[in-house]
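Asker: One structure coming up, written as structure tokens, with questions to follow.
In our numbering, the protein residues as written are 1 to 275.
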């Protein structure tokens with residue numbers, strides 16, 4: 001009886017495991033295809049006709065571009081205005097200093113009636129004053145206050161959280177199958193059977209392709225470098241540990257559990273799963 005489990009290494013990369021925390025290759029490939037479709041849609045306007053529709057994650061990330069540009073523009077204008085006002089404050093400061101003194105004294109000598117009358121009259125004009133005034137345009141100058149690092153972080157944090165949620169929703173998409181299976185159990189059963197048969201067919205076709213590829217490789221004459229390497233390994237067996245060999249089918253690195261073809265003229269190596 002043909003069985004599907006355990007999955008082969010090549011099959012694991014094509015299946016999404018809901019309980020894994022890391023983003024898996026099919027999800028990353030979906031996002032990459034979405035970015036390509038978005039680039040074609042934005043650049044030439046025929047991304048939809050190329051058969052590469054944008055994924056929901058990419059569309060939501062593209063919707064974050066407008067707020068991001070607005071935020072960058074606002075921060076840039078704030079920095080430019082702060083720099084201009086700081087230059088004005090530093091180079092437009094003017095201070096005035098005014099100092100004046102005044103002293104008037106009229107002296108009338110004599111003892112006559114007219115002298116006494118003049119002293120009583122003109123003596124009131126004797127004045128003395130000392131004026132010192134300092135002023136500046138400091139009250140008229142701008143007093144700019146630049147944004148602190150915490151304020152910049154507080155402004156960018158909501159947009160960063162929004163972009164992060166667009167990426168994290170990949171994990172929410174894994175729940176769609178569970179929700180659909182809860183409401184449509186028969187449909188879920190047919191989906192599981194379809195996936196099961198599809199993977200079995202892919203595995204069978206993969207085995208046929210690899211057999212043909214291995215047979216073609218066996219008929220090909222090895223190069224001079226490969227012949228020299230094999231001769232050196234036979235002559236000095238200790239060199240085998242330094243030779244990097246891999247599975248003939250899946251090309252995984254060599255492990256102690258690998259199998260070697262018993263045919264004397266073959267010597268091909270296979271991992272445990274491929275064997």
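Note that beta-carbon positions come from the ideal geometry of N, C-alpha and C, so glycine has one too.
Quick one: what does DSSP say residue 134 is sitting in, helix, strand or coil?
Answerer: Looking at residue 134 - three-state DSSP - the assignment turns out to be strand.
Asker: What residue ranges within the segment 161 to 200 form continuous alpha helix (DSSP H) runs of no fewer than 4 residues, ordered along the chain?
Answerer: Listed in chain order, the complete alpha helix (DSSP H) runs (minimum 4 residues) inside the segment 161 to 200 are 175 to 183.
Asker: For the pair the segment 114 to 131 and the segment 79 to 90, tell me if three or more CB-CB distances fall below 8 Å.
Answerer: No, they do not touch.
Asker: Give the DSSP-derived three-state secondary structure of residue 231 in the structure shown.
Answerer: Residue state, collapsed to three classes: helix.
Asker: Express the C-alpha separation of residue 69 and residue 86 in angstroms, rounding to a whole number.
Answerer: In a straight line, the C-alpha of residue 86 is about 25 Å away from that of residue 69.
Asker: Work out the CA separation of residue 209 and residue 215 for me, nearest whole Å.
Answerer: About 10 Å.
Asker: Which residue from 203, 258 and 66 puts its Cα closest to that of residue 12?
Answerer: Nearest option by C-alpha distance: 203.
Asker: Which of helix, strand or coil does DSSP assign to residue 61?
Answerer: Helix at residue 61.
Asker: Tell me whether residue 157 is buried or exposed, calling it buried when 16 or more other Cβ atoms sit within 10 Å of its Cβ.
Answerer: When all chains shown are included, residue 157 counts as exposed.
Asker: Whose C-alpha, out of 250, 75, 17 and 236, is nearest the C-alpha of residue 149?
Answerer: Nearest option by C-alpha distance: 75.
Asker: Could you name the residues that DSSP lists as bridge partners for residue 104?
Answerer: Answer by DSSP bridge pairing, in chain order: 127.
Asker: Note down the Cα distance separating residue 199 from residue 153, rounded to an integer number of angstroms.
Answerer: Going from the Cα of residue 199 to the Cα of residue 153 covers about 48 Å.
Asker: Since residue 133 and residue 98 are thought to touch, with beta carbons under 8 Å apart, how far apart are those beta carbons, to the nearest angstrom?
Answerer: That belief holds up - the Cβ atoms of residue 133 and residue 98 are roughly 4 Å apart, short of 8 Å.
Asker: Closest by CA to residue 128, which one among 172, 206 and 106?
Answerer: Selected option, being the one with the closest Cα: 106.
Asker: By how many angstroms is the C-alpha of residue 26 removed from the C-alpha of residue 196?
Answerer: Going from the Cα of residue 196 to the Cα of residue 26 covers about 18 Å.
Asker: Helix, strand or coil, according to DSSP, for residue 257 in the structure here?
Answerer: Coil, per DSSP.
Asker: Are residue 247 and residue 271 closer than 8 Å when you measure CB to CB?
Answerer: The answer is yes: Cβ separation under 8 Å.
Asker: Which value, in whole angstroms, describes the spacing of the CA atoms of residue 21 and residue 161?
Answerer: So the two alpha carbons sit approximately 19 Å from each other.
Asker: Measuring alpha carbon to alpha carbon, tell me which residue in 126, 169, 77 and 96 is nearest residue 147.
Answerer: Checking every option, the nearest Cα to that of residue 147 belongs to 77.
Asker: Where does residue 61 land, buried or exposed, given buried means 16+ other C-beta within 10 angstroms?
Answerer: Label assigned to residue 61: buried.
Asker: Taking residue 143 as the reference, give the member of 7, 91, 192 and 169 with the closest Cα.
Answerer: Comparing Cα positions, the closest option is 91.
Asker: Cβ atoms of residue 93 and residue 136: under 8 Å apart, would you say?
Answerer: Yes, the pair counts as a contact, with Cβ atoms nearer than the cut-off.
Asker: By the DSSP assignment, the alpha helix (DSSP H) with residue 122 in it spans what residues?
Answerer: Segment 113 to 122, the alpha helix (DSSP H) holding residue 122.
Asker: DSSP three-state call for residue 283: helix, strand or coil?
Answerer: Outside the shown range of the chain, which is 1 to 275, sits residue 283, and nothing can be said about it.
Asker: Alpha carbon to alpha carbon, what distance is there between residue 259 and residue 24?
Answerer: Going by the C-alpha atoms only, they are around 30 Å apart.
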